[in-house]
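First the structure, in the form of structure tokens, and then the observations on it.
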Amino acid sequence: MDGDKDNRDLYSGMIRLHILHHAEHEAIFGAGMAEELARHGYKISPGTLYPILHGLEKRGYLKSEEERSGKSIRRLYRITAPGRRALKTAKLRVRELFGELIEGK
């Protein structure tokens, strides 16, 4: 999505949904999530990603904790019950939007 910076605000919600989706399945961390998002075409800098993670945590959708791995410390994020509920509702809305945008329903 290089060269698509003018439309960045359109994708910010999808990035948040990607994050919640992956956090629902396992604990995530910033660098790993940046790699995953890049696989989907979202080239996101740490200066953009970490405020998103912090915002999702502030809203109560994620909870973080530090984990030591050898000499390094990594902040892991896990989805919360409110995050699961929000993701469930978002999936329904995305499915409906997909029907309108792609399937013409």
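Per the working numbering, residue 191 is the first one in the sequence shown, and the count goes up by one each step. By construction, the Cβ of each residue, glycine as well, lies at the ideal position given by its N, Cα and C atoms.
According to the Cβ coordinates, are residue i and residue j closer than 8 Å?
| i | j | result |
| --- | --- | --- |
| Glu214 | Arg274 | yes |
| Gly184 | Pro272 | The chain is shown from 191 up to 295; residue 184 falls before or after that span and cannot be answered. |
| Ala224 | Ile209 | no |
| Leu252 | Thr270 | yes |
Taking residue i and residue j to be in contact with their CB atoms under 8 Å, please state how far apart those CB atoms are, rounded to whole angstroms.
| i | j | result |
| --- | --- | --- |
| Leu243 | Tyr267 | 6 Å |
| Gly220 | Tyr240 | 6 Å |
| His212 | Ile218 | 5 Å |
| Ala280 | Leu227 | Wrong, their Cβ atoms sit about 17 Å apart, outside the cutoff. |
What are the residues that DSSP puts in a beta bridge with residue i?
| i | result |
| --- | --- |
| Leu266 | Glu255 |
| Ile234 | In the DSSP output, where bridge partners are listed per residue, Ile234 has none listed. |
| Ile218 | Tyr267 |
For residue i and chain C, any beta-carbon pair shorter than 8 Å?
| i | result |
| --- | --- |
| His230 | Chain labels in this structure do not include chain C; a single protein chain is all it has. |
Query raised in the report: Between the region 278-287 and the region 246-263, are three or more C-beta pairs nearer than 8 Å?
Result: no
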